[in-house]
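> 13 is the number of the first residue of the sequence shown in my numbering; add one for each residue after it.
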Amino acid sequence: MSHYRKSLLTAAAVAAMAFGASTVGSPEAQAQSRDILIGGGSVTGVYYQVALQTCQIINKHAGDKYNCVGRPALGSVFNVNAVNRGLLDFGVAQSDRNWQAANGKADWDGKPVGKLRSVFSAHPEAVLLVTRTDTGIKSVGDLKGKTVNIGNPGSGQRGNSMDLLPLYGIDPDKDIKAEGLQQGEASPALVDKKVDAFIYTVGMPSAAIEEPANSTDIDILDINSDAIKKFISDKPYYVLAKYPAGIIKGVDEFETYAVKATVVTSADVDDQTVYDYTKTVFENLDELKGTHAAFRILDPADMLKGLSAPLHPGAIKYYKERGWM
Ligand code: GLU
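1) Where ALA419 and ALA63 are concerned, what is the direct C-alpha to C-alpha distance, given to the nearest angstrom?
2) Starting from the N-terminal end, write out each residue whose C-beta falls within a distance shorter than 5 Å of any non-hydrogen atom of the ligand GLU.
3) Just list the alpha helix (DSSP H) runs in the stretch 188 to 257, keeping only unbroken ones of 4 residues or longer that don't cross its boundaries, in chain order.
4) Helix, strand or coil for ALA28? Go by DSSP, reduced to three states.
5) State yes or no: is the C-beta of THR56 within less than 7 Å of the C-beta of ALA257?
6) For a quick check, are the C-beta atoms of GLU137 and VAL214 less than 7 Å apart?
7) To the nearest angstrom, report how far apart THR159 and THR285 are at their CA atoms.
8) Quick one: any contact between the stretch 124 to 136 and the stretch 79 to 87, if contact means 3 or more CB pairs under 8 Å?
9) Checking 7 Å against the spacing of the C-beta atoms, do TYR287 and TYR330 come in under that value?
10) Tell me the residue span of the beta strand (DSSP E) that contains ARG144.
11) Look at the alpha carbon of GLU191 and the alpha carbon of ALA313, and state the distance between them as a whole number of angstroms.
12) Measure the alpha-carbon distance for LEU320 versus ASP175 and round it to whole angstroms.
13) Which first and last residues belong to the beta strand (DSSP E) in which LYS261 is found?
14) For the stretch 151 to 165 and the stretch 195 to 212, state whether three or more C-beta atom pairs, one from each stretch, are separated by less than 8 Å.
15) With three or more beta-carbon pairs closer than 8 Å as the criterion, would you say the stretch 164 to 174 touches the stretch 86 to 95?
16) Please state the DSSP three-state secondary structure of ASN161.
17) Does DSSP put THR274 in a helix, a strand or coil?
18) Runs of 3 residues minimum, wholly inside the stretch 51 to 97: which ones carry the beta strand (DSSP E) assignment?
19) Which residues in the same chain as ALA113 place their Cβ atom closer than 6 Å to its Cβ, once the five residues preceding and following it in sequence are excluded?
20) By Cβ distance, which residues of its chain are closer than 6 Å to PRO147, with the 5 residues on each side in sequence left out?
21) Just mark TRP111 as buried or exposed, buried being the case when its beta carbon has 16 or more other beta carbons within 10 Å.
22) Going by the CB atoms, is the gap between VAL139 and THR268 shorter than 7 Å?
23) In whole angstroms, what is the alpha-carbon distance linking LEU202 and THR143?
24) Beta-carbon separation of VAL271 and TYR255 under 7 Å?
25) Would you please state the rounded distance, in angstroms, between the beta carbons of ILE260 and GLU222? I believe it to be under 8 Å.
26) Which residues in the same chain have their Cβ closer than 7 Å to the Cβ of GLU299, if we skip the five residues on either side of it in sequence?
27) Ordered along the chain, which non-local residues of its own chain (more than five positions away) have a Cβ less than 6 Å from that of GLY153?
Written out as structure tokens, the structure is:
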């Protein structure tokens with residue numbers, strides 16, 4: 013295929029995304045190709061990479077069968093709700109939110125998301141408290157009286173903030189000036205001194221932390237008090253995790269708790285689509301691992317762990333074929 017023809021096709025694909033796929037392509041291709049929409053998080057986070065890169069793999073390896081689009085979105089809570097309402101085919105969500113949604117807790121108090129289905133776990137995510145060194149904030153307790161981004165409504169980190177601050181005696185409504193920025197705004201706001209700190213639950217590394225670290229001196233603080241250890245002790249989706257000095261430029265070692273990013277879908281999504289998505293991702297896992305540093309540690313055995321909503325039958329079919337279940 014000539015380069016010219018290829019760029020024409022690419023332009024057509026872009027037009028198809030903008031105006032609806034039905035206007036472009038041969039009738040046969042249209043009949044065969046199913047749109048898949050996957051929701052991630054902020055552009056500088058890792059969820060967007062999960063959405064984007066798994067879509068690239070589907071588009072590359074599943075032939076003309078699917079037209080997969082990975083898009084930025086508001087994060088875990090938004091993605092679970094959007095999947096439940098059929099607005100997304102797949103979404104990325106923290107394992108703690110996945111558990112709460114499946115069991116009708118926290119944001120879903122008394123209203124379990126009965127249709128929520130797990131597909132696989134992806135990378136681990138640390139609950140990060142990030143500040144500039146010039147704020148003098150050395151521990152969670154020092155946040156009193158400061159401006160702190162606790163995460164946008166719809167994000168997973170907002171729930172983590174609301175859990176962890178009271179465990180350090182901080183009332184998020186009274187003791188801090190809480191901001192609800194999306195992470196794409198929160199990282200520059202830290203550099204511009206519009207916030208003194210932010211809490212962000214994210215895979216390591218991510219551009220959202222690297223960008224402020226490249227612009228100013230930052231610290232990532234421990235979140236490992238006895239109250240935190242007690243809080244996570246009876247929750248299987250939390251683990252304590254230690255990160256070495258230098259994992260982010262200029263940052264000392266720190267310890268905090270972590271969750272896993274999970275890919276979820278709805279019972280309403282057909283088995284064949286979920287089967288094809290799961291199979292194509294696992295059969296091209298090495299390619300996925302090469303697309304982002306946070307994916308390097310992905311390992312099939314781990315990817316079937318930490319899933320609290322029931323597995324989707326399409327995923328089960330593939331895992332049984334592989335002898336993993
Ligand atoms: N954990 C965050 C959330 O649930 C998103 C992190 C990311 O985008 O990588 O909203």
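A virtual CB, placed ideally from N, CA and C, is assigned to each residue, including glycine.
Since the structure is predicted, the reported quantities are computational estimates derived from the model, not experimental observations.
Looking at the atomic coordinates:
1) Not covered by the structure: residue 419. The range shown for the chain is 13 to 337.
2) GLY53, GLY57, VAL58, TYR59, GLY87, SER88, GLN106, SER167, GLY168, THR213 and VAL214
3) The DSSP assignment places complete alpha helix (DSSP H) segments of no fewer than 4 residues inside the stretch 188 to 257 at 195 to 203, 219 to 227 and 238 to 245, in order along the chain.
4) Here residue 28 refers to the residue found at position 16 when the sequence shown is read from its first residue. Below a pLDDT of 50, predicted positions are generally treated as unreliable, and ALA28, at 40, falls in that range; no measurement from the model is reported.
5) Counting from 1 along the sequence shown, the entry for residue 56 is found at position 44. Counting from 1 along the sequence shown, the entry for residue 257 is found at position 245. Taking 7 Å as the Cβ cut-off, THR56 and ALA257 do not qualify as a contacting pair.
6) Residue 137 sits at position 125 when you count from the first residue of the sequence shown. Residue 214 sits at position 202 when you count from the first residue of the sequence shown. Closer than 7 Å, so yes.
7) For this step, residue 159 is matched to residue 147 along the sequence shown. For this step, residue 285 is matched to residue 273 along the sequence shown. If you take the alpha carbons of THR159 and THR285, they lie about 44 Å apart.
8) no
9) Translated into the one-based positions of the sequence shown, residue 287 becomes position 275. Translated into the one-based positions of the sequence shown, residue 330 becomes position 318. Closer than 7 Å, so yes.
10) Here residue 144 corresponds to residue number 132 of the sequence shown, with the count starting at 1. Here the beta strand (DSSP E) through ARG144 covers 128 to 144.
11) Numbered from 1 along the sequence shown, position 179 holds the residue referred to as residue 191. Numbered from 1 along the sequence shown, position 301 holds the residue referred to as residue 313. Their backbone Cα atoms lie some 38 Å apart in a straight line.
12) Sequence index remark: in the sequence shown, residue 320 carries index 308 (1-based). Sequence index remark: in the sequence shown, residue 175 carries index 163 (1-based). Here residue 320 is Ser; the residue named in the question, Leu, does not match the sequence. Each residue's Cα considered, the two are about 19 Å apart.
13) By 1-based counting over the sequence shown, the position of residue 261 is 249. Looking at the DSSP string, LYS261 is not in any beta strand (DSSP E), and its letter there is neither H nor E.
14) yes
15) yes
16) Position 149 of the sequence shown, counted from the first residue, corresponds to residue 161. Shown here, ASN161 sits in a strand according to DSSP, grouped into three states.
17) Position 262 of the sequence shown, counting from 1, holds the residue named residue 274. Strand.
18) 78 to 83
19) Along the sequence shown, one-based indexing puts residue 113 at 101. Closer than 6 Å at the Cβ level, and outside the excluded window around ALA113, lie VAL92, TRP120, VAL125 and LEU128.
20) In the sequence shown, residue 147 corresponds to position 135, counting from 1. Correcting the residue type first, residue 147 is Thr in the shown sequence and not Pro. Contacts found: ASP208.
21) Your numbering for residue 111 matches position 99 in the sequence shown. Buried, because 16 or more other Cβ atoms sit within 10 Å of the Cβ of TRP111.
22) Residue 268 sits at position 256 when you count from the first residue of the sequence shown. Residue 139 sits at position 127 when you count from the first residue of the sequence shown. Cβ distance < 7 Å, so THR268 and VAL139 count as in contact.
23) As a position in the sequence shown, residue 202 is number 190, starting the count at 1. As a position in the sequence shown, residue 143 is number 131, starting the count at 1. Roughly 7 Å separates the two Cα atoms.
24) One-based indexing of the sequence shown puts residue 271 at position 259. One-based indexing of the sequence shown puts residue 255 at position 243. Not a contact, by the Cβ cut-off of 7 Å.
25) Walking along the sequence shown from the start, residue 260 turns up at place 248. Walking along the sequence shown from the start, residue 222 turns up at place 210. The beta-carbon separation of ILE260 and GLU222, rounded to 6 Å, stays under the 8 Å limit for a contact.
26) Locating residue 299 in the sequence shown gives position 287, where the first residue counts as 1. Excluding sequence positions up to five before and after GLU299, its CB lies within less than 7 Å of the CB of ILE69, all in the same chain and listed in chain order.
27) The sequence position of residue 153 within the sequence shown is 141, counting from 1. TYR180.
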